[in-house]
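Enquirer: Quick one: the structure is below, questions incoming.
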Amino acid sequence: MAIIDTDNNRVVIRIIYEGASKAGKTRSLYALQKKLKTPGGVFDPQQRKDDGEDYIATQSFEWLSYIGGLFENSKIEAQIISLPGELCCRAQREALLKTADAIIFVLDSRLENLPLNLEHLRRLQSWRDSRDIAPGLIIQNNFEDSAECLSNQQLQQLLNISDRLEKVMSSAASTGQGIREIFVATVRLALNHLTTCREQGQNLFAKVPINNGEKLQHWWQNADLAEATQDGFTALLSAQVDNNDSSLPTIADTASPTLYPLRLERHLPTTPTPDVPVTWRNPPLATRQALQQLNACNLTLVEYAENLWRATDSAQQWYCWSHNEWLHDTLDNALLNLQNHTRLRLLHQDYLPTAHYYTISHQASYRWRLWQIVKTCKTLGQEQKKMHQGLSAEAFIEKLLQQANTLYATFQNLSSVMHLSDLHWDNFQKNPQGHYEYLGPIHEQSETEIMDKTIILDHIQHICGQAVIAAMDDDLDLCAALEHLEKWEIECDAQQCTEMAVRLADLLR
3 MAIIDTDNNR VVIRIIYEGA SKAGKTRSLY ALQKKLKTPG GVFDPQQRKD DGEDYIATQS
63 FEWLSYIGGL FENSKIEAQI ISLPGELCCR AQREALLKTA DAIIFVLDSR LENLPLNLEH
123 LRRLQSWRDS RDIAPGLIIQ NNFEDSAECL SNQQLQQLLN ISDRLEKVMS SAASTGQGIR
183 EIFVATVRLA LNHLTTCREQ GQNLFAKVPI NNGEKLQHWW QNADLAEATQ DGFTALLSAQ
243 VDNNDSSLPT IADTASPTLY PLRLERHLPT TPTPDVPVTW RNPPLATRQA LQQLNACNLT
303 LVEYAENLWR ATDSAQQWYC WSHNEWLHDT LDNALLNLQN HTRLRLLHQD YLPTAHYYTI
363 SHQASYRWRL WQIVKTCKTL GQEQKKMHQG LSAEAFIEKL LQQANTLYAT FQNLSSVMHL
423 SDLHWDNFQK NPQGHYEYLG PIHEQSETEI MDKTIILDHI QHICGQAVIA AMDDDLDLCA
483 ALEHLEKWEI ECDAQQCTEM AVRLADLLR
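For the sequence shown, the working numbering assigns the number 3 to the initial residue and increments by one for each residue that follows.
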């Protein structure tokens with residue numbers, strides 16, 4: 003469905019929320035609207051509450067439009083549509099699914115609801131396989147805050163996902179956790195779909211026929227789609243899907259997540275070792291010395307984020323990062339990745355610590371993994387734990403504002419190699435000159451081209467809340483702090499500082 007609207011200098015993509023009934027599609031859409039702060043809100047023909055809290059089965063659709071970020075110097079407009087989980091309006095469902103550039107499948111992985119949700123997903127995947135150019139698919143593992151929910155790793159193993167156009171990400175739609183991150187990843191898949199369609203010779207230049215919820219509602223009610231009622235995905239769904247369907251997988255009443263063992267011992271990365279050839283490390287001599295020191299430490303390896311591994315020592319002075327995209331089937335590809343990251347380090351060396359290294363480690367099954375290694379004395383997160391002690395409310399606010407603005411400026415300079423999820427205090431340190439240095443993973447592909455300033459400031463406001471809570475525990479004078487922030491809002495000439503002051507004031511009010 004992707005459209006290049008040259009008249010308005012926009013690239014229009016369509017994202018569809020799909021999933022079984024009661025999986026959380028409507029609540030996810032409303033949570034996304036709150037995160038994005040889109041004007042006009044959600045268009046809902048059923049006129050439900052504006053928070054999506056009360057469950058009322060969707061009988062048609064919900065619509066949300068968002069404009070933000072750039073793609074090839076054109077504004078990105080995302081049309082976000084939630085489809086009903088009930089088996090109604092099959093023709094409309096089919097027609098809209100065919101226009102999707104990317105799909106967010108909201109999956110309730112709590113064990114009592116898992117069979118129905120997996121069957122719905124299986125049929126959607128069968129439909130995608132039939133498409134000439136399949137839209138990207140994000141599986142939103144909802145209800146992350148429930149103890150009965152499967153983890154992302156368990157779902158990935160259960161679903162045997164290897165397609166680069168599919169991935170599992172977790173959320174808790176009731177709190178909004180993970181919703182924006184899933185949207186950002188889905189926009190990236192939608193833009194990839196646009197690029198593929200263009201490379202296949204499709205003409206994407208056109209005017210946008212449906213650009214708001216009212217027009218979609220008119221189409222929904224009046225379109226003549228009789229021929230589509232038994233086509234594709236709707237035909238797959240026309241079989242009755244309920245808990246009595248013998249075709250559904252069954253789970254015992256006493257089931258627990260251990261029914262789906264991860265068996266991760268075969269897949270855990272091998273951490274860096276000093277006994278590697280000189281061509282496998284950069285800079286060669288300094289990295290060897292670092293690896294020798296690292297070898298004496300007892301490293302703890304965790305999956306820090308989705309597809310991102312981190313190994314740290316007990317003192318948390320060493321950070322070893324490796325993304326699953328840095329795992330290669332050939333040594334040549336691993337060496338090429340090493341060269342690319344070395345180039346990125348040189349380009350951004352003013353914002354990186356001196357103790358910043360790259361090395362390759364040999365993995366099982368004749369594979370090679372790139373590791374990024376950094377050493378720090380003290381992170382900003384460690385400093386923040388004691389920042390408020392002994393400070394007046396005014397001094398605390400001055401320092402927090404300075405840190406927030408410096409963090410924003412640093413992120414702007416590193417936006418081509420950083421992801422927003424990496425923007426937090428523990429991934430930065432302050433050098434003797436007072437500049438911030440980034441300790442987190444360097445990415446070859448940025449995600450900030452689909453973000454706007456508001457999203458970044460929202461994130462910084464959120465992480466500043468950690469320092470505010472700690473200060474409140476230490477009897478921060480809220481009235482004095484708010485009064486000082488309000489002075490900043492009025493007197494500061496720098497727009498950036500004023501906006502940050504407004505956001506910090508929101509945390510205290």
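Every residue gets a Cβ at the ideal spot worked out from N, C-alpha and C, and that includes glycine. Everything numeric in this text was worked out from a predicted model, so none of it was measured.
Please confirm if the stretch 169–181 is in contact with the stretch 134–149, defined as three or more CB-CB distances below 8 Å between the two stretches.
Expert: The stretch 169–181 vs the stretch 134–149: in contact.
Enquirer: Pick helix, strand or coil for residue 470, following the three-state DSSP scheme.
Expert: Helix at residue 470.
Enquirer: For the stretch 312–320 against the stretch 332–349, do three or more pairs of beta-carbon atoms, one drawn from each stretch, fall closer than 8 Å, so that the two count as touching?
Expert: Short answer: they don't touch.
Enquirer: Tell me the residue span of the alpha helix (DSSP H) that contains residue 412.
Expert: Residues 395–416.
Enquirer: Taking the alpha carbon of residue 205 as the point to measure from, which residue in 7, 444 and 419 has its own alpha carbon closest?
Expert: Checking every option, the nearest Cα to that of residue 205 belongs to 7.
Enquirer: For the beta strand (DSSP E) that residue 322 lies in, which residues bound it at each end?
Expert: Per DSSP, residue 322 belongs to the beta strand (DSSP E) from 320–325.
Enquirer: Taking residue 66 as part of the beta strand (DSSP E), name the residues at either end of that continuous run.
Expert: Note, residue 66: beta strand (DSSP E), 64–73.
Enquirer: Residue 339 lies in the alpha helix (DSSP H); which residues open and close that run?
Expert: Start and end: 333–349.
Enquirer: Could you compute how far the alpha carbon of residue 80 sits from the alpha carbon of residue 374?
Expert: The alpha-carbon atoms of residue 80 and residue 374 are separated by roughly 35 Å.
Enquirer: Per DSSP, what kind of secondary structure is residue 7 in: helix, strand or coil?
Expert: Of the three classes helix, strand and coil, the one that applies to residue 7 here is strand, per DSSP.
Enquirer: Taking residue 417 and residue 371 to be in contact with their CB atoms under 8 Å, please state how far apart those CB atoms are, rounded to whole angstroms.
Expert: Wrong, their Cβ atoms sit about 26 Å apart, outside the cutoff.
Enquirer: When DSSP labels each residue in this structure, what does residue 375 get in the three-state scheme?
Expert: It is a strand residue.
Enquirer: In whole angstroms, what separates the C-alpha of residue 82 from that of residue 16?
Expert: Taking the straight line from one Cα to the other gives about 6 Å.
Enquirer: Given residue 70, which residues of its chain have a CB within under 6 Å of its CB, disregarding the five upstream and five downstream residues?
Expert: Closer than 6 Å at Cβ, skipping near neighbours: 454.
Enquirer: Here's a check: name, in chain order, each residue in its chain whose Cβ is nearer than 6 Å to the Cβ of residue 130, leaving out the five neighbours to either side.
Expert: Within the same chain, residue 130 has close Cβ partners 136.
Enquirer: Residues bridged to residue 14 by DSSP?
Expert: Answer is 5 and 79, bridged to residue 14.
Enquirer: Could you check if residue 183 is buried or exposed, using at least 16 other CB atoms within 10 Å of its CB as the buried criterion?
Expert: Burial call: buried.
Enquirer: Please return the same chain residues whose Cβ sits closer than 7 Å to the Cβ of residue 274, not counting the five positions on each side in sequence.
Expert: 293, 296, 322, 361, 363, 373 and 375.
Enquirer: Roughly how many whole angstroms lie between the Cα atoms of residue 279 and residue 290?
Expert: Straight-line Cα distance between these residues: approximately 10 Å.
Enquirer: Bridge partners of residue 361, per DSSP?
Expert: Answer is 283 and 373, bridged to residue 361.
Enquirer: Is it buried or exposed, residue 94, if we count other Cβ atoms within 10 angstroms and call 16 or more buried?
Expert: Under this definition residue 94 is a buried residue.
Enquirer: For residue 207, which of helix, strand or coil comes out of DSSP?
Expert: Strand.
Enquirer: Please determine if the stretch 429–438 and the stretch 458–465 are in contact, where contact requires at least 3 C-beta pairs separated by less than 8 Å.
Expert: These segments do not touch.
Enquirer: Out of 288, 423, 386 and 110, which has the shortest C-alpha to C-alpha gap to residue 405?
Expert: The option with the nearest alpha carbon to residue 405 is 386.
Enquirer: DSSP three-state label for residue 105, please.
Expert: Looking at residue 105 - three-state DSSP - the assignment turns out to be strand.
Enquirer: Assign residue 121 to one of two classes, buried (16 or more other C-beta atoms within 10 Å of its C-beta) or exposed (fewer than that).
Expert: Buried.
Enquirer: Could you pull the start and end residues of the beta strand (DSSP E) that residue 169 belongs to?
Expert: Counting along the chain, the beta strand (DSSP E) containing residue 169 begins and ends at 168–172.
Enquirer: When DSSP labels each residue in this structure, what does residue 430 get in the three-state scheme?
Expert: Strand at residue 430.
Enquirer: For residue 258, which residues of its own chain have a beta-carbon under 6 Å away from its beta-carbon, when the five flanking residues on both sides are left out?
Expert: Below a pLDDT of 50, predicted positions are generally treated as unreliable, and residue 258, at 31, falls in that range; the measurement from the model is reported next regardless. So no residue of the chain qualifies.
Enquirer: Give the secondary structure of residue 192 by DSSP, where H, G and I count as helix, E and B as strand, and everything else as coil.
Expert: Three-state DSSP puts residue 192 in a helix.
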